[in-house]
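A.B. asks: Note that the sequence shown covers residues 1 to 312 in full-length UniProt numbering. We put the CB at the ideal spot given by N, CA and C, even for glycine. Input: one structure, supplied below.
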Amino acid sequence: MELGFKLAAEAFGPKELIRQAVRAEEAGFGFVEMSDHYHPWLDVQGHSPFVWSVLGAVAARTSRLGLATGVTCPTVRYHPAIIAQAAATLAIISDDRFTLGVGSGERLNEHVVGRGFPAVRERQELLAEALDIINLLWRGGYQSYDGKHLKLEDAQVFDLPERLPRIAVAAGGKQAAELAATHGSGLFATEPRADLVEAFKSAGGDGPAYVEIPVAWAPNADDAVRAAHETTRWAVTGWKVMSELPNPVNFEAASATVRPEDIREQFVVGPDPQPYLEAIRKHQDAGYDHIALMNCGPDMDGFLDFAAKELL
Numbered sequence: 001m002e003l004g005f006k007l008a009a010e011a012f013g014p015k016e017l018i019r020q021a022v023r024a025e026e027a028g029f030g031f032v033e034m035s036d037h038y039h040p041w042l043d044v045q046g047h048s049p050f051v052w053s054v055l056g057a058v059a060a061r062t063s064r065l066g067l068a069t070g071v072t073c074p075t076v077r078y079h080p081a082i083i084a085q086a087a088a089t090l091a092i093i094s095d096d097r098f099t100l101g102v103g104s105g106e107r108l109n110e111h112v113v114g115r116g117f118p119a120v121r122e123r124q125e126l127l128a129e130a131l132d133i134i135n136l137l138w139r140g141g142y143q144s145y146d147g148k149h150l151k152l153e154d155a156q157v158f159d160l161p162e163r164l165p166r167i168a169v170a171a172g173g174k175q176a177a178e179l180a181a182t183h184g185s186g187l188f189a190t191e192p193r194a195d196l197v198e199a200f201k202s203a204g205g206d207g208p209a210y211v212e213i214p215v216a217w218a219p220n221a222d223d224a225v226r227a228a229h230e231t232t233r234w235a236v237t238g239w240k241v242m243s244e245l246p247n248p249v250n251f252e253a254a255s256a257t258v259r260p261e262d263i264r265e266q267f268v269v270g271p272d273p274q275p276y277l278e279a280i281r282k283h284q285d286a287g288y289d290h291i292a293l294m295n296c297g298p299d300m301d302g303f304l305d306f307a308a309k310e311l312l
């Protein structure tokens with residue numbers, strides 16, 4: 001099992017994220033993963049740098065740290081040919097430390113290019129076609145593709161790594177978990193759901209299983225809860241809300257009734273290492289072997305020091 005650190009791209013600027021990644025490697029984390037957003041969830045977070053630039057810089061500043069997108073939507077804001085090229089380049093720069101995490105996306109980020117945001121069934125069809133295109137381009141040579149939703153015309157990725165990146169597909173249900181096995185080489189989840197791992201493996205998947213745990217560290221639990229409630233209360237609204245709203249102001253309204261008690265119920269909070277270790281064990285028992293801690297507390301350096309001493 002590898003313990004990872006979530007780079008909170010919506011809460012910090014690019015230089016600070018690079019600094020945190022370097023510190024995460026020094027602390028002993030095995031990998032970092034970073035979301036691919038155009039907007040933050042809430043205006044109070046105030047950031048959303050370009051993930052590919054940040055991870056490229058992290059690759060140059062670190063030597064052993066695994067890198068992952070958590071996750072990229074390769075269908076609306078991007079064409080999958082661009083992601084195939086970007087991921088291949090990052091794999092080369094990082095000396096094969098990169099995992100491409102992909103998912104069907106959120107309206108929050110994808111609507112900005114004016115192409116709309118499709119319904120769930122079409123999003124899944126788009127993701128399957130996008131993965132077809134990425135895998136096709138990673139074979140090398142000129143490739144074309146004529147799908148129901150996506151097309152590719154005489155394209156070649158000229159710089160391919162000797163070892164292709166793993167593709168970890170985000171799943172919230174059985175169909176997506178099976179897609180992770182048939183079109184990807186890893187699974188990505190946000191809950192300790194053993195059924196997703198089982199569906200992935202039953203469909204032939206044998207790669208890594210990534211999962212995130214929301215935590216909020218501070219020397220005082222109340223301070224941790226307060227910070228997480230201010231910046232990350234959107235996380236308790238549920239995926240049907242998180243995937244559909246278009247802008248931070250909408251998440252502000254949708255999360256207006258989230259209470260500090262809700263944060264305490266769904267996050268690991270405070271300075272005691274035992275709840276953190278229990279949460280890690282729970283996710284490991286569910287079958288996940290790459291577990292990323294997403295710290296929403298007020299002191300990131302304090303959390304990294306805590307993790308180095310108590311968790312790693």
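Check whether the region 148-155 touches the region 165-176, counting contact only when three or more Cβ pairs, one atom from each stretch, lie closer than 8 Å.
C.D. replies: Because the criterion of three Cβ pairs below 8 Å is not met, the region 148-155 and the region 165-176 do not touch.
A.B. asks: On the three-state DSSP scale, how would you describe P14?
C.D. replies: Helix, per DSSP.
A.B. asks: Could you tell me the distance, in whole angstroms, from the CA atom of V71 to the CA atom of L100?
C.D. replies: Straight-line Cα distance between these residues: approximately 8 Å.
A.B. asks: Could you pull the start and end residues of the beta strand (DSSP E) that T160 belongs to?
C.D. replies: Here the sequence assigns Leu to residue 160, which means Thr is not the residue at that position. Here L160 belongs to no beta strand (DSSP E), and DSSP marks it neither H nor E.
A.B. asks: How big is the Cα-Cα spacing for L7 and D299?
C.D. replies: Cα to Cα, L7 sits roughly 14 Å from D299.
A.B. asks: Could you check which residue in Y142, A21, G114, E278 has the C-alpha nearest to that of P192?
C.D. replies: Minimum Cα distance to P192 is reached at E278.
A.B. asks: Does DSSP put M294 in a helix, in a strand, or in coil?
C.D. replies: In the structure shown, M294 sits in a strand (DSSP, three-state: E or B).
A.B. asks: Compute the Euclidean distance between the alpha carbons of Q20 and P14, then round it to the nearest angstrom.
C.D. replies: Each residue's Cα considered, the two are about 10 Å apart.
A.B. asks: I133 to P80, Cα distance in whole Å?
C.D. replies: Cα to Cα, I133 sits roughly 6 Å from P80.
A.B. asks: Give me whichever residues DSSP pairs with Y145 in a beta bridge.
C.D. replies: The partner list for Y145 (beta bridge, DSSP) reads L152.
A.B. asks: Could you tell me which residues DSSP pairs with residue 370 in its beta bridges?
C.D. replies: An answer regarding residue 370 cannot be provided, because it is not within the stretch 1 to 312 covered by the chain.
A.B. asks: Does the structure place the region 242-249 close enough to the region 95-112 that three or more beta carbon pairs sit under 8 Å?
C.D. replies: Verdict: yes, contact present.
A.B. asks: How is A254 classed by DSSP in three states: helix, strand or coil?
C.D. replies: In this structure, A254 counts as helix in the three-state DSSP scheme.
A.B. asks: For V225, which residues from the same chain have a beta carbon less than 7 Å from its beta carbon, with the 5 sequence-adjacent residues on both sides left out?
C.D. replies: So the qualifying residues of the chain are A216, P260, I263, R264, V269.
A.B. asks: First and last residue of the beta strand (DSSP E) that includes G173?
C.D. replies: No beta strand (DSSP E) holds G173; DSSP gives it neither H nor E.
A.B. asks: Answer yes or no: do R23 and L304 have a C-beta to C-beta separation smaller than 8 Å?
C.D. replies: The answer is yes: Cβ separation under 8 Å.
A.B. asks: Got a sec, what are the start and stop residues for the beta strand (DSSP E) Y210 sits in?
C.D. replies: Segment 209-216, the beta strand (DSSP E) holding Y210.
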